[in-house]
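Colleague:
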Ligand code: GLV
Ligand code: MG
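In my numbering, the protein residues as written are 1 to 319.
(1) According to the neighbour-count rule (16 or more other Cβ atoms, all chains shown, within 10 Å of its Cβ), is residue 136 buried or exposed?
(2) Check whether the Cβ of residue 15 lies closer than 6 Å to any heavy atom of the ligand GLV, and answer yes or no.
(3) According to DSSP, simplified to helix, strand and coil, what is residue 286?
(4) Under 6 Å: does the beta carbon of residue 160 sit that close to some heavy atom of the ligand GLV?
(5) What I want to know is whether the C-beta of residue 209 ends up closer than 6 Å to one or more non-hydrogen atoms of the ligand GLV.
(6) Decide if residue 143 is buried, meaning its Cβ has at least 16 other Cβ atoms within 10 Å, or exposed.
(7) Tell me which residues share the same chain as residue 277 and place their Cβ nearer than 7 Å to its Cβ, disregarding the 5 neighbours each side in the sequence.
(8) Using only alpha-carbon positions, find the residue among 300, 90, 275, 205 that is nearest to residue 157.
(9) Which whole-angstrom value is the C-beta distance of residue 98 and residue 54, which I expect to be below 8 Å?
(10) Since residue 36 sits in a beta bridge, which residues does DSSP pair it with?
(11) Output the boundary residues of the alpha helix (DSSP H) element that contains residue 271.
(12) Whole-angstrom Cβ separation of residue 74 and residue 107, contact assumed at under 8 Å?
(13) Please confirm whether any heavy atom of the ligand GLV lies closer than 6 Å to the CB of residue 265.
(14) Report the rounded CA-to-CA distance for residue 18 versus residue 232, giving the unit in angstroms.
(15) Going by beta-carbon coordinates alone, are residue 151 and residue 112 separated by less than 7 Å?
(16) In three-state DSSP terms, what is residue 134?
(17) Which residue marks the beginning of the alpha helix (DSSP H) containing residue 217, and which one marks its end?
(18) Tell me, please, whether the stretch 256-263 touches the stretch 291-308 by the rule of three or more beta-carbon pairs shorter than 8 Å.
(19) Which whole-angstrom value is the C-beta distance of residue 267 and residue 292, which I expect to be below 8 Å?
(20) Relative to the ligand GLV, is the shortest distance from any of its heavy atoms to the C-beta of residue 163 smaller than 6 Å?
(21) Which of the three DSSP states is assigned to residue 142 in this structure?
(22) From residue 218 to residue 245, what does the alpha carbon distance come to, in whole angstroms?
(23) Out of 30, 126, 50, state which residue places its alpha-carbon closest to the alpha-carbon of residue 248.
(24) Using only the alpha-carbon positions, how far apart do residue 96 and residue 148 sit?
(25) Residue 37 and residue 61: beta carbons closer than 7 Å?
(26) Taking the beta carbon of residue 44 as the centre, do at least 16 other beta carbons fall within 10 Å, making it buried, or is it exposed?
(27) Hey, how far is the Cα of residue 211 from the Cα of residue 168?
(28) Since residue 307 and residue 9 are thought to touch, with beta carbons under 8 Å apart, how far apart are those beta carbons, to the nearest angstrom?
(29) Taking only the alpha-carbon atoms, compute the straight-line gap between residue 255 and residue 229 and give it to the nearest angstrom.
(30) Where does the unbroken alpha helix (DSSP H) through residue 155 begin, and where does it stop?
(31) Can you find the residues in the same chain that come closer than 7 Å, C-beta to C-beta, to residue 141, ignoring five residues on each side of it along the sequence?
Below you can see the structure in the form of structure tokens.
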């Protein structure tokens, strides 16, 4: 599996300037890590962090984790050096570059072109390194479909709630919670759905961003549960204590996984010659048809990717 299709239930943010956090991150069970050169890295620490990141990637020890580096956005003076130093130095040990505050498709194209140049110069496979696009402002959201299709390298579309809330002047300082005064629904629904629709329309992963109250794991589960319920593939984790919550929330429940596998088996049987070539059939008290199979495929795909095993198996009725 390439990083385009591997699970990203938990995406751990690691400051690129902290050797201590980098060493700790290797031992944790997140699906992805991203070594950060952007907001978790002070401006004066960025040049040193590029070197620390290159060493950390080349040293290895990351197991099956997807290895990503977040560079600074194109409106800064740091982006090209972030990309050239990190990819020239450790491109063979890197799965994707995360580009924050993406506003237009052209910004993705610019990164794609730069990556291609580096891959050719260094003799790497051209096109292997993916792009993760963070949507963090109104312009980015209005262009999200063009951003998703700007390059075949794009693997994920990520919601960046903190920057997004600031950029639209939302009257709240608490990421993930509803802004005080807005009592008629979920203030993030439109944003999350727009990102999810772009991701699903173009076969990308949809990733929810950080939750900053790192000691309140119940609140993390609540917020993560909302985007997981909509169909998101994963969420950022800022602290080891959030990882299990993310891995569980973005995996199916055991009973749903078993049920999905059973629907697939039952549907295959009933549509076969032996099962009577039926277009719809009953499994227990439930009627299933082709649409049920498609829904079951989603749940079973997530469960299989997460390494789940069946605890219950449907058997065809005695004839
Ligand atoms: C993440 O980058 C955010 O702004 O929420
Ligand atoms: Mg941000």
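Backbone N, C-alpha and C fix where the C-beta goes; we use that ideal spot for every residue, glycine too.
Modeller: The short version:
(1) Taking the first residue of the chain shown as position 1, residue 136 is located at position 136. Buried, since its Cβ has 16 or more Cβ neighbours within 10 Å.
(2) Counted from its first residue, the chain shown places residue 15 at position 15. No, the beta carbon of residue 15 sits no closer than 6 Å to any heavy atom of the ligand GLV.
(3) Translated into positions along the chain shown, residue 286 becomes position 286. Strand, per DSSP.
(4) For this step, residue 160 is matched to residue 160 along the chain shown. At least one heavy atom of the ligand GLV is nearer than 6 Å to the Cβ of residue 160, so yes.
(5) Within the chain shown, residue 209 is the residue found at index 209, counting from 1. Flag set: Cβ of residue 209 near the ligand GLV.
(6) If you number the chain shown from 1, residue 143 lands on position 143. By the 10 Å Cβ count, residue 143 comes out buried.
(7) Numbered from 1 along the chain shown, position 277 holds the residue referred to as residue 277. Taken in chain order, the residues that qualify are 271.
(8) Stepping through the chain shown from its first residue, residue 157 is reached at position 157. With distances taken between Cα atoms, residue 157 lies closest to 205.
(9) To locate residue 98, count along the chain shown from 1; it is residue 98. To locate residue 54, count along the chain shown from 1; it is residue 54. Not really, about 16 Å apart at Cβ, beyond 8 Å.
(10) The residue given as residue 36 occupies position 36 in the chain shown. BP columns for residue 36 point to 15, 70.
(11) To locate residue 271, count along the chain shown from 1; it is residue 271. Where residue 271 is concerned, the enclosing alpha helix (DSSP H) stretches over 254-271.
(12) As a position in the chain shown, residue 74 is number 74, starting the count at 1. As a position in the chain shown, residue 107 is number 107, starting the count at 1. So it is a contact: roughly 5 Å between Cβ atoms.
(13) The count along the chain shown starts at 1 and reaches residue 265 at position 265. Flag unset: Cβ of residue 265 not near the ligand GLV.
(14) Here residue 18 refers to the residue found at position 18 of the chain shown. Here residue 232 refers to the residue found at position 232 of the chain shown. Between residue 18 and residue 232, the C-alpha separation is close to 30 Å.
(15) Mapped onto the chain shown, residue 151 falls at position 151. Mapped onto the chain shown, residue 112 falls at position 112. Yes, they are a contact pair.
(16) Counting from 1 along the chain shown, the entry for residue 134 is found at position 134. DSSP places residue 134 in strand when its eight states are reduced to three.
(17) As a first step, residue 217 must be located in the chain shown, where it is residue number 217. Note, residue 217: alpha helix (DSSP H), 217-230.
(18) yes
(19) Looking up residue 267 in the chain shown gives position 267. Looking up residue 292 in the chain shown gives position 292. The pair is a contact, with the Cβ atoms about 7 Å apart (cut-off 8 Å).
(20) Within the chain shown, numbered from 1, the residue matching residue 163 stands at position 163. Yes; taking the cut-off as 6 Å, the Cβ of residue 163 has a heavy atom of the ligand GLV nearer than that.
(21) As a working mapping, residue 142 is identified with position 142 in the chain shown. In the structure shown, residue 142 sits in a helix (DSSP, three-state: H, G or I).
(22) As a working mapping, residue 218 is identified with position 218 in the chain shown. As a working mapping, residue 245 is identified with position 245 in the chain shown. Looking at the two C-alpha atoms, the distance is approximately 9 Å.
(23) Working through the chain shown from its first residue, we reach residue 248 at position 248. The shortest Cα separation from residue 248 among 30, 126, 50 belongs to 30.
(24) Counting from one through the chain shown, the residue named residue 96 turns up at place 96. Counting from one through the chain shown, the residue named residue 148 turns up at place 148. Spanning the two alpha carbons is a distance of roughly 15 Å.
(25) Here residue 37 refers to the residue found at position 37 of the chain shown. Here residue 61 refers to the residue found at position 61 of the chain shown. No, they are not a contact pair.
(26) By 1-based counting over the chain shown, the position of residue 44 is 44. Flag for residue 44 reads exposed.
(27) Here residue 211 corresponds to residue number 211 of the chain shown, with the count starting at 1. Here residue 168 corresponds to residue number 168 of the chain shown, with the count starting at 1. About 18 Å.
(28) Within the chain shown, residue 307 is the residue found at index 307, counting from 1. Within the chain shown, residue 9 is the residue found at index 9, counting from 1. In fact, because the Cβ distance is near 11 Å, the residues do not count as touching under 8 Å.
(29) The residue you call residue 255 lines up with position 255 of the chain shown. The residue you call residue 229 lines up with position 229 of the chain shown. Taking the straight line joining both Cα atoms gives about 16 Å.
(30) By one-based count along the chain shown, residue 155 stands at place 155. Here residue 155 belongs to no alpha helix (DSSP H); instead the beta strand (DSSP E) covers 154-159.
(31) If you number the chain shown from 1, residue 141 lands on position 141. Here the set comprises 135, 191, 194.
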